[in-house]
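Just so we're aligned, residue 0 is where the sequence shown starts under numbering that gives the first Met the number 0, counting upward by one.
The structure appears below as structure tokens.
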Amino acid sequence: MEIEKNIGVADMTTMTEIDETGINHNLSLRYCSDIIYTYTGSILIAVNPYKGINIYNKEYVHKYHGRKMGYSDPHVFALAEAAYKSIVDDQINQSCVISGESGAGKTETTKFILQYLCAITSNVSSWVQQQILEANTILESFGNAKTIRNDNSSRFGKFMQVCFDDSNCIKGCIIQDYLLEQSRITFQSEGERNYHVMYQLVAQGLKNMEMAQALNLRPPEFYKYLNTSDTLAIDVNLESAKFDALTMAFTVLQIPQSIIDGVFKVLSSILWLGNIDFMDIDGEGCDFSNSDQEIIYNISKLLGLKPNDLKKVLLMRQINVRGNITEIPLKMQEAIENRHAMAKALYSRTFTWLVIKINSCTNPGKDGAQFLGVLDIFGFENFVHNSFEQLCINYTNEKLHKFFNHYVFALEQSIYKQEDIIYTHVEFTDNSQCLELIEKPPRCVFKLLTEQCHMPKGSDSAYLNNMHAEFEFHPTYIKGSDRRHWETEFGIRHYAGSVIYAVDGFVDKNRDVQQDVLFDYMSRSEDLFVKDLSKYQDPQFLNVIQNYSTYPRGSTKTKCTVSDNFRHQLQSLIDVLQSTKPWYVRCIKPNSLKLENNYNHALVLDQLKYLGILDIIRIRREGFPVHLSITDFILKYKCLMQNKSYSCTRNYVAHILENLNVPSSEWQIGKSKVFLRSIAYEPLEEKRKNLIFNNAIIIQKHWKRFYCFKSFLIIKMAALKIQHAYRGWKLRIRFIRMRRSAIVIQSRLRGVFAREVAAALRELRRVDEEMKRRDQIFDKVSEVHSDAIEDCERMVQNEINKLANMSENVHLSVTKILVDNNASEKLSTELSNLQDTVDLDNIFAFLSEVTENTPPNPLIEEINNKMNHLVQDLDDEIEVCMQKESALVERDQGKSITSKGVPSLPEPTMPPPPPPVTTSEINTLKNELKPEPIYEAVKPADLGSSTNVAKSDMNILGGQSNKERKTEIIIPSSPLLVKFHIGDEREQRRKQRVEKKLQELHCNGENQKEIFSDDSHYNMVEFAENYFNQHELLLDGTLMSTLTRKGKKNSDTISKNEMIAFSKSDKIPTSHIHMFDPENVILACNIFRELWKYMRGELNAERELQIIQYIIGLGIEREDIRDEIFVQCIRQSTNNPNVEWTDRIWLLMCLLIVAFQPSKLLFRYYVSFLKNNLKILEGKLRQYAQWCFDNCKSTKVSTRVYPPSSVEVAAKL
């Protein structure tokens, strides 16, 4: 016997000598070293340490995750990892069967497996995993209790199916419960307690007075159901903390608070039921005691029932005979049993409701592809007093032991025999006879019990007598411990030992009397949970009832008993286990005192015997646990061969094993299968996995290279597209900037040209006014002073004659000639000037040119003084007349200009021309002049050379022709005029620009008038051909903008006719009109989308107003998109199939035309569009078109500052 020093052997199948003593000693060594887990092949043996060991933290989870079973120390995590790996690799359902006596640690092992599964898949569905763990907390509180062997004993069995999805992550959990021990609610043996939740509830009531008042809770010593054996002190703080954990678990499972309160009310009412004391009335009936009235009131309040209804249920029983219901008073003992039955029924239904509620929260539905089942069921029990519950528990363990033996021994050896494998036969404990005694029909323990339940007067004594008579000579049946107890008990020889059962209460417990009257009253309860509890039926119970549907209606055989229900549930569990790959955990209890570091060799040896550990080790060592078909073996391990073949024969299998150097003693080849021991299978599997891993790396390398190269190409193409787009954007931005710069330059030049034109117009106006004023002054002067002028002329002529005579006499002939010539020149000049300006000073200027040596003439001086006085009076009169005439002319011209609608120009502010300059001054000015820049402001031009232009411009501004003049206008020369004669070519260009601008203004005004007056038609198609973008038509019917793309076919773009007609789509890829600003293009697309929403009328009034203000506001703010807005409205109103939609578009155009007008390019096409619609539209639409047409004709329209308000829009409606 080889036992490792101190810690023993991890896998007992490797021990050289196998016997019970060696196995027990090995477990003892490991237990003393705090190593509680040991392998027996793939079966895990766990010894309960009865203390906390730090081997279940995250470090151990990471240690065993991804590791094969057997490569690390034995641990429950290793078994859970092996089961999980089998699901991932083989896609087969798994099950972990945890067995052992009560107190051996089955419940804790179940929790460790669930925690490990949740930990390794916690990266996906942590909420579902938390719900699974919290569900276990609820089931422990309601289904576990303290026994003499275990402080946390499961008093029910559960099979938890942890479901996984296709990604091998936990998707949910389904819980199946088996045979809750109901008798514990009303009675507990010495040293045992009721269910944990009862103590947790009353402990919380001691700390929370508000809750105690709501649920009518009392201290634990007050309730009889909590003190049937003796008074056990409870730790209030510990139980209260567990109650908080319970309420948190309810919250995680999303159970409403009202339902939680209803559950606690039912528990409180169960505790109050145990305190009812009945009084016997003549042995024929019973009644309540004085103290029971308060109890009845409290229970009625908690359950939401009427007190009188509850009293009927407690004191009466109903018999239904052919539809006639008869009430019979209950006797004292019957009332007590009825009270216990009510408490059991309430608790049992509450527990079953909780299980179904948990399943509804954690059920994965159809997504659960595979599952791993964890079976935590009650262990084998043998107490001093064993009843019906112990019989069902031990029957379950017999059934599971049979399944284990069949899987490990019988099935294994039968396969060896069929395949002609050489092996040593292993004897094992066969419990088939015991199972036949309990369940095999027609005569068995359960069948005889069911017959007594169906009999009207069935009793426990009759049932016991029938069994004694039927099974007296059965090898596994015992009549009793001795002859004195043959009338009260019987025994069965189980695989784990003989158990004596007390027959008292078997028939009543098997009947499981349903409180139909109670639940009928509960269906009318005021509490929602109590009302729902009355309607609830266990689905499994209903399925069992269906199996009895073949009996006649009304027969007592249709009533399903507890044993029948439990037997069907257990059989369905075995069927599920047989469809899975099982993993076994054998839990062993080291001592019966629940003490740590206490190893009882005798107790452990007994458990090893009936668990068959010795037989398991033998068959695992001597057998071949790995079975593979020949085909599967070749397909699986052919990859390890260098020279592969396609044959599937036994010889090829042997060839593979020999070439791989597998010892011949570790494998055998049967008729159709290959049998391998673990020592041969593990190296083969390791080599295969290494080969697959290396090949997978090569495949991954090439795939990653391909994927990276493909990703590189995608990134490269994306980078090129980004570069293309960026460069295009950069060039567009550069173009926009250059365009804006050009526009700025153009605006400056156009400003220069406009200022030239304005200056010329102002000068023309001033000249025209001066000419008019002089004509009027000349006419008035000639009319008023015609006689005085004639006298002056006559006197002048006389004086001239006299002076001439005098000069002839005084001077010599030469002087006379000189005087005569000067006098003639002066006279002619003055006469000419008099005709123009009537300047009398110039007329007599010759008098001052007489030489200084000439002596003064008194007569001439007298005449000169008179003439000066006359001229002064004449100048004053001319100035007054000129002021009056100027005011009159300005008022007339203002009226004329206003009536014609042409904006008035400001009055000239430049000073009048200076006096004539000399020739020397002119030459100096020429030298000082520099070349004129292009942006130089234009001064008044040479009006003498452009008389025709001036006349035509004056006609444009004034609107009427001037009066015919008899004399020609002569502009006196000045330095400014001289300046403009310097550069003939530059002056000529300036004249041409002024003439061109004047002609353009004249033509625009005339054309705008002609558009409304003539019948010419401008088609929108022509405008679209010249100014529209191209819209591409894709295969899916959507539009994509292309700004003059090269290489596109005409069939890929929509025609211009379609671009001015109604569009069914609410999207356009780009603007209709050419725009160079990307922001304006985006706004145009957004406007079309908002216009579509507004047109359809699917929005409320507030949203429609926002859209109208948004569109008009953008048009006011951005002049470039005004034409785009008009074009979109024209398009959506053309051939629109919906009249209401058309009406909305025309309403918007009415609001647009008063906010701003289209540009000069679009104006004539828009007017033609309105004129055409005036001919074809009718009703309200024609009124809209007429409104737009009238507003287009108005020349006073200016752009609005703000969009229309809600009042203006409502006025249009």
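Backbone N, C-alpha and C define an ideal beta-carbon position, used for all residues, glycine too.
Bear in mind that the values here come from a model prediction, so they are computed numbers and not experimental data.
How long is the line joining the alpha carbons of residue i and residue j, rounded to whole angstroms?
i: Asn546; j: Lys508; result: Because Asn546 carries a pLDDT of 46, less than 50, the predicted location of this residue cannot be relied on, and the following value inherits that uncertainty. Approximately 21 Å, taken between the alpha carbons.
i: Glu1089; j: Ile1106; result: 6 Å
i: Gln1230; j: Val584; result: Outside the shown range of the chain, which is 0 to 1212, sits residue 1230, and nothing can be said about it.
i: Leu904; j: Leu748; result: Confidence is the limiting factor: at Leu904 the pLDDT is only 33, short of 50, which leaves the residue's position unreliable and the question unanswerable from this model.
i: Ala77; j: Ser71; result: 8 Å
i: Lys401; j: Asn596; result: 33 Å
i: Ile147; j: Asp563; result: 29 Å
i: Tyr415; j: Leu569; result: 29 Å
i: Leu572; j: Glu380; result: 20 Å
i: Gln1108; j: Leu1180; result: 22 Å
i: Thr12; j: Gly669; result: 24 Å
i: Arg793; j: Arg764; result: 39 Å
i: Cys791; j: Asp767; result: 31 Å
i: Leu448; j: Asn465; result: 9 Å
i: Ala468; j: Pro440; result: 16 Å
i: Cys638; j: Ser644; result: 10 Å
i: Leu43; j: Val75; result: 7 Å
i: Ser628; j: Tyr680; result: 14 Å
i: Lys223; j: Gln187; result: 11 Å
i: Ala342; j: Glu336; result: 10 Å
i: Leu28; j: Phe623; result: 29 Å
i: Leu112; j: Ala82; result: The sequence as given places Ile at residue 112; Leu does not occur at that position. For Ile112 and Ala82, the distance between alpha carbons rounds to 10 Å.
By a C-beta neighbour count over all protein chains shown, 10 Å radius and 16 as the cutoff for buried, is residue i buried or exposed?
i: Ala1270; result: Outside the shown range of the chain, which is 0 to 1212, sits residue 1270, and nothing can be said about it.
i: Glu1123; result: buried
i: Met278; result: exposed
i: Gln1156; result: buried
i: Tyr126; result: First, the amino acid is wrong: residue 126 is Trp here, not Tyr. It counts as exposed.
i: Asn307; result: exposed
i: His61; result: exposed
i: Thr395; result: buried
i: Lys588; result: buried
i: Arg1030; result: The sequence given here has His at residue 1030, not Arg. Buried, because 16 or more other Cβ atoms sit within 10 Å of the Cβ of His1030.
i: Gln114; result: buried
i: Met454; result: exposed
Thinking residue i and residue j are a contact (beta carbons under 8 Å), I'd like their distance in whole angstroms, please.
i: Ala344; j: Leu517; result: 7 Å
i: Phe489; j: Gly504; result: Not quite, the Cβ-Cβ distance comes to about 14 Å (not below 8 Å), so this is no contact.
i: Met1019; j: Ile1059; result: 5 Å
i: Cys586; j: Asn47; result: 7 Å
i: Leu314; j: Leu329; result: 6 Å
i: Phe632; j: Val652; result: 6 Å
i: Leu1032; j: Leu1082; result: Not confirmed; about 23 Å, so no contact.
Do residue j and residue i come within 8 Å of each other at the CB atom, strictly closer than that value?
i: Phe528; j: Val201; result: no
i: Cys1191; j: Ile1129; result: no
i: Val506; j: Asn393; result: no
i: Tyr406; j: Leu436; result: no
i: Cys168; j: Thr108; result: no
i: Leu245; j: Ser140; result: yes
i: Arg154; j: Glu191; result: no
i: Leu613; j: Leu607; result: yes
i: Trp582; j: Gln93; result: yes
i: Tyr198; j: Pro218; result: no
i: Phe158; j: Gln175; result: yes
i: Gln90; j: Gln451; result: no
i: Leu434; j: Val96; result: no
i: Gln160; j: Gly372; result: yes
Closer than 7 Å to a non-hydrogen atom of the ligand FAD - does that hold for the CB of residue i?
i: Val1020; result: For the structure depicted, the ligand FAD is absent and the ligand set is empty, with no information on it obtainable.
Practice prompt. Give, in chain order, every unbroken run of the beta strand (DSSP E) that is at least 3 residues long and sits entirely within the stretch 467-518.
Written response: 488-493, 496-501
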